[in-house]
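Heads up: the sequence shown begins at 1 in full-length UniProt numbering, then just goes up one per residue.
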Amino acid sequence: MAARYLIDTNICIYIQRQRPPAVLERFRKLKPGEAVISVITWGELSYGAEKSRQRDKVLALLEELVTMLPVMPLPETAGRTYGAIRAALEAKGEPIGNNDLWIAAHAKAAGLIVVTNNEREFRRVPGLQVRNWA
1 MAARYLIDTN ICIYIQRQRP PAVLERFRKL KPGEAVISVI TWGELSYGAE KSRQRDKVLA
61 LLEELVTMLP VMPLPETAGR TYGAIRAALE AKGEPIGNND LWIAAHAKAA GLIVVTNNER
121 EFRRVPGLQV RNWA
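1. With H, G and I counted as helix, E and B as strand and the rest as coil, what does DSSP make of residue 46?
2. Spell out the partners DSSP gives residue 5 in its beta bridges.
3. Expressed to the nearest angstrom, what Euclidean distance is found between the alpha-carbon atoms of residue 126 and residue 60?
4. Does the region 46-59 come within contact of the region 111-118, defined as at least 3 CB pairs closer than 8 Å?
5. Whose C-alpha, out of 131, 75, 121, 26, is nearest the C-alpha of residue 106?
6. Would DSSP call residue 141 helix, strand or coil?
7. Cutting at 7 Å between CB atoms, please list the residues of its own chain near residue 16, excluding the five before and the five after it.
8. Looking only at its own chain, which residues have a Cβ that is under 8 Å from the Cβ of residue 89, when we skip the five neighbours before and after it?
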């Protein structure tokens, strides 16, 4: 099945912690391959694991997570999309965090829906489809 959803970092953390229940329930209804994570999200999660006092345990949990949510590489078209989004947001005086900007560009370039609990940032991006399962 082709991917439909690009899962943001906060939703990945909710899935790992198995709370809130609404996120886990929605996640369990997905068909294999229907959701992926961006390589940017993978980087954010890996960074958090490296800083953790339980580094090895958290890294093992991340490896388990990517068996369920494959890491999608950044398509070349995301670079152009990034530039267009960033310019548009800066022109409106509404910039968003750099990693969120890359995740948004990745989703738009790949035609995916971003699933996040950080709607405030992502809803600023023109034309980006956003869902919140929390």
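Here a beta-carbon is modelled for each residue, glycine too, at the ideal position from N, C-alpha and C. No experiment lies behind these values; they were computed from the predicted model shown.
On the basis of the data shown:
1. What you label residue 46 is simply residue 46 of the sequence shown in a count that begins at 1. Helix.
2. Within the sequence shown, numbered from 1, the residue matching residue 5 stands at position 5. Beta-bridge pairing links residue 5 to 35, 113.
3. Within the sequence shown, numbered from 1, the residue matching residue 126 stands at position 126. Within the sequence shown, numbered from 1, the residue matching residue 60 stands at position 60. Distance between the alpha carbons of residue 126 and residue 60: 36 Å.
4. When C-beta atoms of the region 46-59 are compared with those of the region 111-118, fewer than three pairs fall below 8 Å, so the two segments do not count as touching.
5. Taking the first residue of the sequence shown as 1, we reach residue 106 at position 106. Cα-wise, what sits closest to residue 106 is 75.
6. No statement about residue 141 is possible, as the shown extent of the chain runs from 1 to 134 and does not include it.
7. Taking the first residue of the sequence shown as 1, we reach residue 16 at position 16. Excluding residues within five positions, the ones whose Cβ falls inside 7 Å are 61, 65.
8. Position 89 of the sequence shown, counted from the first residue, corresponds to residue 89. If we look at residue 89 and ignore the five residues flanking it on each side, its Cβ neighbours are 95, 96, 101, 124, 125.
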